[in-house]
Each structure stands twice: as structure tokens, then as C-alpha cells.
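Enquirer: The opening position of the sequence shown corresponds to residue 805 in the numbering used here, with each subsequent residue numbered one higher.
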Amino acid sequence: MKFMVQMNVKKGPYQMAGWSPQDVTRMVSFMNQLEKDLKASGQWVSAEGLVSPDQARLVTATDDGSPAVTDGPFAETKEFIAGYWIIDVKDADEAYGFAARVSACPGPGAKPLNMPVEVRAVGSAPAAD
Numbered sequence: 805m806k807f808m809v810q811m812n813v814k815k816g817p818y819q820m821a822g823w824s825p826q827d828v829t830r831m832v833s834f835m836n837q838l839e840k841d842l843k844a845s846g847q848w849v850s851a852e853g854l855v856s857p858d859q860a861r862l863v864t865a866t867d868d869g870s871p872a873v874t875d876g877p878f879a880e881t882k883e884f885i886a887g888y889w890i891i892d893v894k895d896a897d898e899a900y901g902f903a904a905r906v907s908a909c910p911g912p913g914a915k916p917l918n919m920p921v922e923v924r925a926v927g928s929a930p931a932a933d
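1) Within the same chain, show all residues whose beta-carbon is closer than 8 Å to that of GLY887, passing over the 5 residues directly before and after it, in chain order.
2) So, with DSSP's three-state summary, where would you put SER850?
3) Tell whether a beta-carbon distance below 8 Å holds between ALA904 and ILE891.
4) Could you tell me how far apart the beta carbons of VAL893 and MET805 are, in whole angstroms, since I believe they sit closer than 8 Å?
5) Would you mind sorting VAL906 into buried or exposed? The rule is 16 or more other CB atoms within 10 Å of its CB.
6) Which complete beta strand (DSSP E) runs does the region 856-899 hold, if anything under 3 residues is left out?
7) Which residue wins for smallest C-alpha separation from GLY913, given the options ARG830, ASP867, SER845 and MET919?
8) Could you tell me whether the Cβ atoms of PRO857 and PHE884 are closer together than 8 Å?
9) Please go through the same chain and pick out, in chain order, the residues whose beta-carbon is closer than 7 Å to the beta-carbon of ALA865, but skip the five residues on each side of it.
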């Protein structure tokens, strides 16, 4: 089963303002180890970090089909999606275990951030006729 595991962080710490170089290195090493572990276990599908919400844009089609682009959709929120993994695991419990590892990512002073991590099964499209 495939699951999307996404980090939801509070605005501010994500930018790592005020983090020491050692704290940043520790966090990056933690994320690199997660990737290595997923690849070694055959559970890796993909993962990406996302830019901050002030760079997000909401796009809708106009009547003539051209894009109408506005700020958002997360500009006013206190939390936002910082990145995600697509993993292929045997069941939801295995996805939850991985999400708990992500949640414990080290922050300043090596203290676990214990950030909320959303887990969703990846749906599949219905078979074409």
C-alpha cells in the first residue's frame, strides 16, 4: 500500500531562523538517514521538501481557460506542509511508525520537534473502460 506522509510545521521554525549550524546539520542528517532507510527496505517511492507558503500560488481557470493566479493558499495559516514522502509499505501501521520517526526530527539543541505528521493512503484511479 502506498501512503503520503507529510510534515506539518509551525510557521517560523521551518525556516530554521536562530538554529545553530550544528542543529541544521543534525536535522539534515536525520532526513538523509530516513531516506537511506526507506531505500534499503524497498519502501521508498519519492520525497520532496516544499518552499514556504508565501511562495505558494492558487491557480484557477478563467472562462477562456487561461490561468488566474493569486497568492495562497496557505499565506495566513500558522502551520503548513513543509515536505512529504510517498512510501510503499504493507499496511497503515507501518506508515504510522515511519510518521512517528519523522515527527521526532531533531530541532534546536537536538530536542525532538514532535511535529504533526499527516498520513494518507494514496488512492488509485478506477480502471478505464
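In this text, a Cβ means the ideal position worked out from N, Cα and C, and glycines have one as well.
Expert: So, from the data block:
1) On the sequence shown, position 83 is the one that residue 887 refers to. The beta carbon of GLY887 is closer than 8 Å to those of GLN810, MET811, ALA851, GLU852, GLY853 and LEU854 in its chain, skipping five residues each way along the sequence.
2) Locating residue 850 in the sequence shown gives position 46, where the first residue counts as 1. Residue state, collapsed to three classes: strand.
3) Here residue 904 refers to the residue found at position 100 when the sequence shown is read from its first residue. Here residue 891 refers to the residue found at position 87 when the sequence shown is read from its first residue. The answer is no: Cβ separation not under 8 Å.
4) Translated into positions along the sequence shown, residue 893 becomes position 89. Translated into positions along the sequence shown, residue 805 becomes position 1. For VAL893 against MET805, the beta-carbon gap comes to about 6 Å, under 8 Å, which counts as contact.
5) In the sequence shown, the residue the question calls residue 906 occupies position 102. Residue burial annotation: VAL906 is buried, with at least 16 other C-beta atoms found within 10 angstroms of its C-beta.
6) The qualifying runs are 861-865, 871-875 and 883-892.
7) Indexing the sequence shown from 1 puts residue 913 at position 109. Nearest C-alpha to GLY913: ARG830.
8) Within the sequence shown, the letter at position 53 stands for residue 857. Within the sequence shown, the letter at position 80 stands for residue 884. Yes, they are a contact pair.
9) Against the sequence shown, residue 865 aligns to sequence position 61. Same-chain partners within the cutoff: PRO871.
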